[in-house]
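Asks: Below is one structure. I have some questions about it.
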Amino acid sequence: MKTVVWERVKGTVSALPVPFIGRDRPGGRPSLEEDEVEQALRQVVGDTPDVEQPLLQSTNAESASEPQDTDQVPEADGMPPSEKTSKGDGASMAASVFSLTNTIIGAGIMALPRAVATLGVVPGALLILLVYILTFITINVLSSASEYSGRWTFGELIHYFFGRTGSWFLRLFIFINNAGLLITYTIMLGDVLVGKPPDYNGLLTNLTDIHEGDVWYLDRRFVVAVVVVVFLFPLAAQRSLKSLAWAGAMGLVLASGFAMLVVVLVVLAGIQGRIQGVSLWPNADLTGPSALDQIRGVFSTLPVIALAYVCHYNVHPLMRELKDFSARRWSIVLNWSLTFCTVVYVIIGVGLYLVFLDSTESDVLLNFSSGSLEDIVGSLAADIITYCVLLGYALNLIFTYPMINWGLREVIAEVAVGRPTLGNAAWVGITAVIVVAAYAVAIAVPNIWPVMTITGATAAVAIGWIFPACIMLRTSGGRCSSVKRLGACLLILLGLLTAVVAVHSTIEDLIHQ
1 MKTVVWERVK GTVSALPVPF IGRDRPGGRP SLEEDEVEQA LRQVVGDTPD
51 VEQPLLQSTN AESASEPQDT DQVPEADGMP PSEKTSKGDG ASMAASVFSL
101 TNTIIGAGIM ALPRAVATLG VVPGALLILL VYILTFITIN VLSSASEYSG
151 RWTFGELIHY FFGRTGSWFL RLFIFINNAG LLITYTIMLG DVLVGKPPDY
201 NGLLTNLTDI HEGDVWYLDR RFVVAVVVVV FLFPLAAQRS LKSLAWAGAM
251 GLVLASGFAM LVVVLVVLAG IQGRIQGVSL WPNADLTGPS ALDQIRGVFS
301 TLPVIALAYV CHYNVHPLMR ELKDFSARRW SIVLNWSLTF CTVVYVIIGV
351 GLYLVFLDST ESDVLLNFSS GSLEDIVGSL AADIITYCVL LGYALNLIFT
401 YPMINWGLRE VIAEVAVGRP TLGNAAWVGI TAVIVVAAYA VAIAVPNIWP
451 VMTITGATAA VAIGWIFPAC IMLRTSGGRC SSVKRLGACL LILLGLLTAV
501 VAVHSTIEDL IHQ
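Mind the numbering: the sequence shown is residues 1 to 513 in full-length UniProt numbering, read in order.
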């Protein structure tokens, strides 16, 4: 049964950037029977009637036992007996690799080419590899900590080690993460459908062959407002996500196909001798001429890459579903998935920079037009590629948006009324406020780069680096204690430094603009 449930839900979980926050049982024991995660997943895929069921269970646990002896995490011994999947039950390793990959890859890959254009090919590729390594380490830290503590949701784990204060900070970062993603998606819809001046090479402007900014029905503000009213708000106001369970898998298919397309474009551009003037090192025109400017450029770009990898809030349901779970089997799943994602990221990030060079936009979808591609693939193929890429990602953004909105709405509801479940009026009202606020910010700041930088520097860095590093400090012990503690401290320092530099430089740039 669990295999069937997971096969049906893997698309939804991949697109839902929220942890499943659980409540401890009295006495500090984790919820082992009919756990909250599986209840939430069943609700999403429709194993229960279409009635409201919170995906985020309350973090207001009245009591949670603190770690009794966190000097050393014991050797992995799999799940607690009552949590282990029976032999032959659960998801296979291949299915788990697919599901985890589906969880990681999102629309954030569209900013990676700009990151490589800013840093240069060598530092850009190296930073992607660095974040890959950090992600592998930190997710394994969460896995070991869950085996030690018996907490098998991300929220329970944070509450176990850091109490209510940690849970409140987790809520804050979920809020920032989901709000940032909603704003990013809204901006990208404007990019895809209308484009930006002076070219206005969006889907609608290309279809109508009107590339001027003074036509009211093709005005970016009007077009995005229509999409919000006709599509985003009605979909986000649904009380069941069952009908959208396929959207996450659609995103993975698009990303994989997109990576293969990039390989073809790079090969053709190379054969034609168009790959010239490539920056191997930081681009002074984008970062600034001084060494200090280039260092600041590195720390301002790192959060965008971190945001593309963060998936820590979704790994616990995957661990629980893995058949015959063990630390070794999970490490294999994690390694294969992250390796695949890294290959895709390097192909898209480096490849599209090689194709578009210094004209690479912060949202690389803006570079896809007949004019920019026809010299490489011909006029007809350029038209087909442009329309397929823009239409595919427009649909993916629209149908993924409600899942992100769901988690943000539950965090707001839990803070406002003390529970994630709402009546119809409150449900619709909070949804409307979220959608309108995301639209307003997206129109005021029509560029995904500053939004992704701030989101990555705060939420992604905290969830993906700082929380796991703090857990590592609480659980490190034995012969490797000093090494682990040093590594954890360095990771916390890297996270804090990245957050401060990236947020400061981004806000400074926005003020100057």
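Quick reminder that beta carbons are idealized off the backbone N, C-alpha and C, glycines included. Treat the numbers as computed from the prediction; the structure is a model and nothing was measured.
#1: Measuring straight from C-alpha to C-alpha, what distance separates residue 400 and residue 306?
#2: How long is the line joining the alpha carbons of residue 395 and residue 244, rounded to whole angstroms?
#3: May I have the straight-line CA-CA distance separating residue 462 from residue 101, to the nearest angstrom?
#4: Just to confirm the assignment, what range does the alpha helix (DSSP H) spanning residue 153 have?
#5: Examine chain B for any beta-carbon lying closer than 7 Å to the beta-carbon of residue 222, and answer yes or no.
#6: Here's a check: name, in chain order, each residue in its chain whose Cβ is nearer than 7 Å to the Cβ of residue 115, leaving out the five neighbours to either side.
#7: Below 8 Å on the Cβ atoms is my contact criterion, and I expect residue 189 with residue 227 to pass it. Report the Cβ-Cβ distance as a whole number of Å.
#8: Are the beta-carbon atoms of residue 471 and residue 161 separated by less than 7 Å?
#9: Tell me whether the beta-carbon of residue 468 lies closer than 7 Å to the beta-carbon of residue 131.
#10: Any idea which residues DSSP pairs residue 394 with across the strands?
#11: If you measure between the beta carbons of residue 289 and residue 120, is that distance less than 7 Å?
#12: By the 10 Å Cβ neighbour count, where 16 or more other Cβ atoms means buried, how is residue 138 classified, buried or exposed?
#13: Can you tell me whether residue 328 is buried or exposed? The criterion is at least 16 other CB atoms within 10 Å of its CB, across all chains shown.
#14: Identify whether residue 245 lies in helix, strand or coil by the three-state DSSP scheme.
#15: Under 7 Å between the Cβ atoms of residue 110 and residue 486?
#16: Can you tell me whether residue 501 is buried or exposed, with buried defined as 16 or more other CB within 10 angstroms of its CB?
#17: Quick check on residue 164: buried or exposed, where buried means 16 or more other Cβ atoms within 10 Å of its Cβ?
#18: Taking only the alpha-carbon atoms, compute the straight-line gap between residue 455 and residue 103 and give it to the nearest angstrom.
#19: Quick check on this structure: which residue in 220, 171, 440 and 149 has the alpha carbon closest to the alpha carbon of residue 413?
#20: Report all residues from its chain with a CB closer than 6 Å to the CB of residue 336; omit the five preceding and five following residues, and keep chain order.
#21: Determine the direct distance from the alpha carbon of residue 298 to that of residue 117, and round the result to whole angstroms.
#22: With residue 345 as the anchor, note down where its alpha helix (DSSP H) starts and where it stops.
#23: Quick check for students: name the residue ranges of the alpha helix (DSSP H) that lie wholly in the segment 107 to 193, counting only runs of 4 or more.
#24: Using the Cβ count rule (16 or more neighbours within 10 Å means buried), how would you classify residue 457?
#25: Taking the alpha carbon of residue 277 as the reference point, which residue from 313, 359, 295 and 340 has its own alpha carbon closest?
Replies: Looking at the coordinates:
#1: 20 Å
#2: 12 Å
#3: 21 Å
#4: Unbroken run through residue 153: none, as it is neither H nor E.
#5: The structure shown contains no chain B; it holds only a single protein chain.
#6: 124, 301, 304, 305 and 349
#7: 6 Å
#8: yes
#9: no
#10: According to DSSP, residue 394 bridges with nothing at all.
#11: no
#12: buried
#13: exposed
#14: coil
#15: no
#16: buried
#17: exposed
#18: 18 Å
#19: 171
#20: 97
#21: 12 Å
#22: 327 to 356
#23: 112 to 119, 121 to 149 and 154 to 193
#24: buried
#25: 359
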